[in-house]
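For the sequence shown, position 20 matches number 20 in the UniProt record's numbering, and the numbering has no gaps at all.
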Amino acid sequence: MAEGIAWSENEIGELTAKVKALKASMARVIIGQENVIDSLIICLLAGGHALVEGVPGLGKTLLVKSLSQATELDFHRVQFTPDLMPSDIVGTEILEEDHATRKREFRFQQGPVFTQVLLADEINRAPPKTQSALLEAMQERSVTFAGQTHKLPKPFFVLATQNPIEQAGTYPLPEAQLDRFLLRIDVVYPTEAEEIAMVSATTNAGLKDAEPVMDVATLLRLQQLVRDIEIGDHLVAYATRLVRATRPSLTTVPAVTKHIGWGAGPRAGQALVLASKARALMQGRLAVTREDIGEMLLPVLAHRVLRNFEAEADGVAIADILQSLREHIRPD
């Protein structure tokens, strides 16, 4: 563990038990989707934001709602639409009159972004001007309006959803905003057994709310613990080489040279190490392994690496390219 930080064995044990309880609480509401729940918790522990992709009806909104219930975090949901304005998200100034003095002055009225968990539902349905309203909030954890900076609550966690199969009436997120998301989490169809259980549960008594198992102070302490998880210098170098190898001008990986138009930037290396630390803690370990880095490679890089025209024409998936990358780049 990092020097200067006091972590007792008892506290570490209590914190890791809280992580297990959080996963169990969400699993009581979300049937199946264990990998999705794990990824969402990893993103929360790492202090990042998540981009959740999946077709309608897979429980993306329920997933976010159950997370806020289990962690006792304030939760706001914004439905992104073509007519949504930036002020609908960050807030606006209103003119108020003091009834005693009759003096009028402007007061900033906070928008829904002033919360701890923000669900940006179908974020790609709003135009770029509105999407960009989240850029400062996601990176700086603050909002600047009329020259005044307003701090957001801690923790601040954005989960944005988008439907990958609908293109009409949508505005693809720019690369600068995609890079602000720590992970891209793909929500896939459930297995037959899971779908039967889901249909049965939702057509009888219905699903219950997630049980609160973690308060804000515990979550903030867990986020500190993640930062202090050990990672060897050779693994930091390995993660950095993986990211650098996604850049066509630098790579020695044939699949990247052939199918990637633009590689990941330095923020991807930071995200890969941080997500790997969070995964190690999820697994009950206080040190990162090569497996942690390998497992987090796809969710960290999937939205940061752009395929070229040839890859899209040939139907080559990002997952296949990153798997080839993983096979070619080895740790020292």
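All C-beta atoms in this analysis are idealised placements derived from N, C-alpha and C, irrespective of residue type, glycine included. Computed from a predicted model, the values in this text were never measured in an experiment.
Per-residue burial, residue i [other beta carbons within 10 Å of its own, 16 or more giving buried]
i	result
Tyr238	buried
Ile31	buried
Gly263	buried
Ile196	exposed
Ile165	exposed
Gln109	exposed
Gly47	buried
Gly4	Here the model assigns Gly4 a pLDDT of 46, short of 50, so the residue's position is not dependable, and the following value carries that caveat. Answer is exposed; the Cβ neighbour count stays below 16.
Asp320	exposed
Thr115	buried
Ser34	Here the sequence assigns Glu to residue 34, which means Ser is not the residue at that position. With fewer than 16 Cβ atoms within 10 Å of its Cβ, Glu34 is classed as exposed.
Ala217	exposed
The beta strand (DSSP E) enclosing residue i, as first and last residue numbers
i	result
Gln109	Arg104 to Gln110
Ser39	Where Ser39 is concerned, there is no enclosing beta strand (DSSP E), although the alpha helix (DSSP H) it sits in stretches over Glu34 to Ala46.
Phe309	Run containing Phe309: none in the beta strand (DSSP E); it sits in the alpha helix (DSSP H), Phe309 to Asp314.
Asp121	Val117 to Asp121
Beta-carbon gap between residue i and residue j smaller than 8 Å
i	j	result
Arg93	Ala133	The amino acid at residue 93 is misidentified as Arg; the sequence shows Glu. For Glu93 and Ala133, no; Cβs fall outside 8 Å.
Gln177	Glu122	no
Leu73	Val113	no
Ala160	Leu51	yes
Ala126	Thr191	no
Ala268	Leu301	yes
Phe157	His76	no
Ala287	Ile229	yes
Arg184	Pro299	yes
Ile329	Ala271	no
Val226	Leu22	no
Val117	Leu67	yes
His259	Arg307	yes
CA-to-CA distance, residue j to residue i, given in whole angstroms
i	j	result
Gly265	Glu175	11 Å
Met198	Pro248	44 Å
Glu211	Gln69	7 Å
Lys60	Glu97	43 Å
His150	Ile89	14 Å
Arg107	Leu95	6 Å
Asn204	Ala193	17 Å
Val187	Gln162	11 Å
Asp179	Thr251	20 Å
Ser25	Val213	7 Å
Ala6	Gln224	11 Å
Asn124	Gly315	23 Å
Leu220	Lys208	26 Å
Glu295	Val273	11 Å
Expected contact under 8 Å - CB spacing of residue i and residue j to nearest Å
i	j	result
residue 337	Ile293	Since the first and last residues shown for the chain are 1 and 332, residue 337 lies out of range.
Interface flag, residue i vs chain B, CB-CB below 8 Å
i	result
Ile329	In the displayed structure, chain B is absent; only one protein chain is listed.
Continuous alpha helix (DSSP H) stretch holding residue i: start and end
i	result
residue 336	It is not possible to answer for residue 336, since the shown part of the chain is limited to 1 through 332.
Check: residue i C-beta below 7 Å from any heavy atom of the ligand FMN
i	result
Pro127	You won't find the ligand FMN in this model; it holds no ligand whatsoever.
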